[in-house]
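> Counting from 216, one number per residue, gives the positions in the sequence shown under this note's numbering. All C-beta atoms in this analysis are idealised placements derived from N, C-alpha and C, irrespective of residue type, glycine included. My structure is below; once you've seen it, I'll send some questions.
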Amino acid sequence: MSGCNPDPFACLYMKVSVWRALMAVGMKFHHFAQPKPPSPDFEITIPSRLSTGRGTFKLVFYVPLSYFDPDGTDDARWASSVIHETGAVVVSVAYRLAPEYPFSVGVEDGTDAIIFLASYAKELNLDPHRIAISGFLAGGNFAFTVPLMFGARVAQSYPLSSSLSLPRSNATCLMVFGHPRIKFKDREPAALETALKVPNLTIVCIVSFYPLVDFRQSREDKRLTNPQPAKNIPKTLTNLFDQSYQSGCDLTDPYLSPAAASDDLLAAAYPQDIVLYTCEYDMLNAEGVKFGERLKGEGVGKTAHGGLIKEVPHAFDKKPNPISFPKSAHFCYAEACAELSRVFGSKTSADQQKQLQDDLTAIRFQSEVEGDTVPEEGLTKTL
Numbered sequence: 216m217s218g219c220n221p222d223p224f225a226c227l228y229m230k231v232s233v234w235r236a237l238m239a240v241g242m243k244f245h246h247f248a249q250p251k252p253p254s255p256d257f258e259i260t261i262p263s264r265l266s267t268g269r270g271t272f273k274l275v276f277y278v279p280l281s282y283f284d285p286d287g288t289d290d291a292r293w294a295s296s297v298i299h300e301t302g303a304v305v306v307s308v309a310y311r312l313a314p315e316y317p318f319s320v321g322v323e324d325g326t327d328a329i330i331f332l333a334s335y336a337k338e339l340n341l342d343p344h345r346i347a348i349s350g351f352l353a354g355g356n357f358a359f360t361v362p363l364m365f366g367a368r369v370a371q372s373y374p375l376s377s378s379l380s381l382p383r384s385n386a387t388c389l390m391v392f393g394h395p396r397i398k399f400k401d402r403e404p405a406a407l408e409t410a411l412k413v414p415n416l417t418i419v420c421i422v423s424f425y426p427l428v429d430f431r432q433s434r435e436d437k438r439l440t441n442p443q444p445a446k447n448i449p450k451t452l453t454n455l456f457d458q459s460y461q462s463g464c465d466l467t468d469p470y471l472s473p474a475a476a477s478d479d480l481l482a483a484a485y486p487q488d489i490v491l492y493t494c495e496y497d498m499l500n501a502e503g504v505k506f507g508e509r510l511k512g513e514g515v516g517k518t519a520h521g522g523l524i525k526e527v528p529h530a531f532d533k534k535p536n537p538i539s540f541p542k543s544a545h546f547c548y549a550e551a552c553a554e555l556s557r558v559f560g561s562k563t564s565a566d567q568q569k570q571l572q573d574d575l576t577a578i579r580f581q582s583e584v585e586g587d588t589v590p591e592e593g594l595t596k597t598l
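Rendered as structure tokens:
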């Protein structure tokens, strides 16, 4: 897609490892800024079932009313906002990464995660009928593709890999930082797992930040849509991502490009409430805005909250600034949490929501009937 020649796997893996290490250092600086994000409360390692590749991955839990020393994961600051503003339990899916695990392993791991959580909802004290899915960039893509996989594939037949049979669960649960351990491997598997049945669950909301939703358009064409080209994602990174994750894939696959899915498929798989944020100075902004307007249009008929955040670049909320957390990111998180609170049934006043909308400098989505693009100037305050 990027026009570059794929590297041999060993070289590709080395490049990815270097960038992962640099990103880890950057996130350490990011977490120094006040208010500091919380640590995870515990982790559960669960087996992969939908993917043809045998393996495991972690679910990282953040629980309300817990205040351990800060040592959070990449999205710990978002998790902190959610648990404090909505009272919800946040589960971060540490899905297996490319290039070791290219498309569609991450989507399958995310789908496995919601099936596991719903299967063990009683043990984990969760409500399987109040599930929301969120993510940033690649995770933002998964927030849109996991419901598609669950709704169009798993809910029909639960297609376990033929190489995996699980008479007992091998998952383990432990409390980090020396807290008591609970071993799931000593427990009988959930009845739904034994019967290979899909648990009864309800996804009530999707929250997606600056996602990549359409791989069909070339990176070069996307770069041309950014009014400040200097703020584009570096070609080194986009080339590395494309070679690692989707090299040789069908770019029209809805599990890769949710924008390629039909209106009927999107309408059936997605909840009524969707929160989507794009960034004005981002090469992914145009496709995100187009997708948001399509979701709100007559063909899909969803309620699309959020919009285009003015004068910010891609990943504006993840900058390695140890001094302060951007106000625009704070307002964005607060507004998204207010929508989650409303969907979860918590009390959020109309005045509070209006104030949050006024605080965030954003252009709201119009439906495709009202217009094909977000206006260049001015704000549309009605959602």
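1) If you count every other CB in all the chains shown that lies within 10 Å of the CB of C226, and 16 or more means buried, which is it?
2) Using only CA atoms, which one of T440, L499, C494 and S477 lies nearest to V428?
3) With DSSP collapsed to three states, give me the class of Y548.
4) Any idea if D436 is buried or exposed, counting beta-carbon neighbours within 10 angstroms, 16 or more meaning buried?
5) Using DSSP with H/G/I as helix, E/B as strand and the rest coil, what is A313?
6) Residues bridged to H520 by DSSP?
7) Helix, strand or coil: how does DSSP classify A577 here?
8) Would you grab the beta carbon distance between F359 and P426 for me? Rounded to a whole angstrom, and I think it's under 8 angstroms.
9) Tell me, please, whether the stretch 443-453 touches the stretch 509-519 by the rule of three or more beta-carbon pairs shorter than 8 angstroms.
10) Anyone know if the C-beta pair for C494 and P537 falls short of 7 angstroms?
11) Ordered along the chain, which non-local residues of its own chain (more than five positions away) have a Cβ less than 6 angstroms from that of A313?
12) Let me confirm a value: S380 is counted as buried when at least 16 other C-beta atoms fall within 10 Å, else exposed. Which label applies?
13) Alpha carbon to alpha carbon, what distance is there between F424 and L352?
14) Return the chain-ordered list of same chain residues with a C-beta closer than 7 angstroms to the C-beta of Y548, the five sequence neighbours on each side being excluded.
15) Look up F351 in the DSSP assignment and give the residues it is bridged to.
16) Answer with buried or exposed for N340, where buried requires no fewer than 16 other C-beta atoms within 10 angstroms of its C-beta.
17) Exposed or buried, which one is M229 when buried takes at least 16 other CB atoms within 10 Å?
18) Are the beta-carbon atoms belonging to R311 and F357 less than 7 angstroms from one another?
19) Starting from V297, follow its DSSP beta bridges and name the residues at the other end.
20) Would the stretch 322-334 count as touching the stretch 502-511 if we require 3 or more Cβ pairs under 8 angstroms?
21) Counting along the chain, where does the alpha helix (DSSP H) carrying T451 start and finish?
22) In terms of residue numbering, what span does the alpha helix (DSSP H) encompassing I330 cover?
23) For a test of the three-state rule: what should DSSP assign to K638, helix, strand or coil?
24) In three-state terms, what does DSSP make of K525?
25) Sort G268, S334 and K525 by Cα distance to P317 and report the nearest one.
26) When DSSP labels each residue in this structure, what does Y228 get in the three-state scheme?
27) Distance, Cα to Cα, G503 vs G354?
28) By the three-class DSSP mapping on this structure, what secondary structure does S543 have?
29) Would you check if the distance between the CB atom of Y485 and the CB atom of K517 is smaller than 7 angstroms?
30) Using 7 angstroms as the threshold, is the C-beta distance between E300 and C464 below it?
31) Taking the alpha-carbon of T260 as reference, which of A309, V320 and A303 has the nearest alpha-carbon?
32) Shorter than 7 angstroms from the beta carbon of V231 to some beta carbon of chain C?
33) Classify P469 as buried or exposed, calling it buried when 16 or more other Cβ atoms lie within 10 Å of its own Cβ.
34) Can you find the residues in the same chain that come closer than 7 angstroms, C-beta to C-beta, to N447, ignoring five residues on each side of it along the sequence?
35) Judging by CA-CA distance, which residue of Y335, D290, E323 and A336 is the nearest neighbour of G366?
So, from the data block:
1) Locating residue 226 in the sequence shown gives position 11, where the first residue counts as 1. That one is exposed.
2) The residue labelled residue 428 in the question sits at position 213 within the sequence shown. Distances from the alpha-carbon of V428 to those of T440, L499, C494 and S477 put L499 closest.
3) One-based indexing of the sequence shown puts residue 548 at position 333. Helix, per DSSP.
4) The count along the sequence shown starts at 1 and reaches residue 436 at position 221. With fewer than 16 neighbouring CB atoms inside 10 Å of its own CB, D436 falls in the exposed class.
5) As a first step, residue 313 must be located in the sequence shown, where it is residue number 98. In the structure shown, A313 sits in coil (DSSP, three-state: anything other than H, G, I, E or B).
6) Residue numbering aside, residue 520 sits at position 305 when the sequence shown is read from its first letter. Partner(s): V490.
7) Here the question's residue 577 lines up with position 362 in the sequence shown. The answer is strand: DSSP assigns A577 an E or B state.
8) Looking up residue 359 in the sequence shown gives position 144. Looking up residue 426 in the sequence shown gives position 211. Taking the Cβ atoms as the reference, F359 lies roughly 7 angstroms from P426, within the contact range of under 8 angstroms.
9) No, the stretch 443-453 is not in contact with the stretch 509-519.
10) Working through the sequence shown from its first residue, we reach residue 494 at position 279. Working through the sequence shown from its first residue, we reach residue 537 at position 322. Note that the C-beta distance between C494 and P537 is not below 7 angstroms.
11) In the sequence shown, counting from the first residue as 1, residue 313 sits at position 98. Cβ-Cβ distances below 6 angstroms link A313 to S459 and Y460 in the same chain, with the five nearest sequence neighbours on each side left out; the list follows chain order.
12) Numbered from its first residue, the sequence shown carries residue 380 at position 165. Per-residue confidence for S380 stands at a pLDDT of 31, beneath the threshold of 50, marking its modelled position as unreliable; the derived number appears in the next sentence. That one is exposed.
13) Within the sequence shown, residue 352 is the residue found at index 137, counting from 1. Within the sequence shown, residue 424 is the residue found at index 209, counting from 1. Annotation: L352 to F424 spans about 6 angstroms, alpha carbon to alpha carbon.
14) The residue you call residue 548 lines up with position 333 of the sequence shown. Excluding sequence neighbours, Y548 sits near W293 and S296.
15) Counting from one through the sequence shown, the residue named residue 351 turns up at place 136. The beta-bridge partner set that DSSP reports for F351 consists of F424.
16) In the sequence shown, residue 340 corresponds to position 125, counting from 1. Exposed, since its Cβ has fewer than 16 Cβ neighbours within 10 Å.
17) Numbered from 1 along the sequence shown, position 14 holds the residue referred to as residue 229. Exposed, since its Cβ has fewer than 16 Cβ neighbours within 10 Å.
18) For the purposes of this step, residue 311 is taken as the residue at position 96 of the sequence shown. For the purposes of this step, residue 357 is taken as the residue at position 142 of the sequence shown. Not in contact: R311 and F357 (Cβ atoms no closer than 7 angstroms).
19) In the sequence shown, the residue the question calls residue 297 occupies position 82. None; V297 has no bridge partner.
20) With the cut-off at 8 angstroms, the stretch 322-334 and the stretch 502-511 do not touch.
21) Here residue 451 corresponds to residue number 236 of the sequence shown, with the count starting at 1. It spans K450 to Y460 - the alpha helix (DSSP H) in which T451 sits, taken as one unbroken run.
22) Counting from 1 along the sequence shown, the entry for residue 330 is found at position 115. Where I330 is concerned, the enclosing alpha helix (DSSP H) stretches over V320 to S334.
23) Outside the displayed range of the chain (216 to 598) lies residue 638, so it cannot be described from this structure.
24) Counting from one through the sequence shown, the residue named residue 525 turns up at place 310. DSSP places K525 in strand when its eight states are reduced to three.
25) Taking the sequence shown and counting its residues from 1, the one referred to as residue 317 is at position 102. Per the Cα distances, G268.
26) Your numbering for residue 228 matches position 13 in the sequence shown. Helix, per DSSP.
27) Reading the sequence shown from its first residue, position 288 is the one you call residue 503. Reading the sequence shown from its first residue, position 139 is the one you call residue 354. Going from the Cα of G503 to the Cα of G354 covers about 14 angstroms.
28) Taking the sequence shown and counting its residues from 1, one reaches residue 543 at position 328. Assigned with DSSP and collapsed to three states, S543 falls in helix.
29) By 1-based counting over the sequence shown, the position of residue 485 is 270. By 1-based counting over the sequence shown, the position of residue 517 is 302. For Y485 and K517, yes; Cβs fall inside 7 angstroms.
30) Translated into the one-based positions of the sequence shown, residue 300 becomes position 85. Translated into the one-based positions of the sequence shown, residue 464 becomes position 249. No. Outside cutoff.
31) On the sequence shown, residue 260 is found 45 positions in, with the first residue counted as 1. The shortest Cα separation from T260 among A309, V320 and A303 belongs to A309.
32) Chain labels in this structure do not include chain C; a single protein chain is all it has.
33) The residue given as residue 469 occupies position 254 in the sequence shown. Its Cβ being crowded by 16 or more others within 10 Å, P469 is buried.
34) Taking the first residue of the sequence shown as 1, we reach residue 447 at position 232. The residues R438, N441 and M498, in chain order, have a CB closer than 7 angstroms to that of N447 in the same chain once the five nearest residues on each side in sequence are set aside.
35) Counted from its first residue, the sequence shown places residue 366 at position 151. The shortest Cα separation from G366 among Y335, D290, E323 and A336 belongs to E323.
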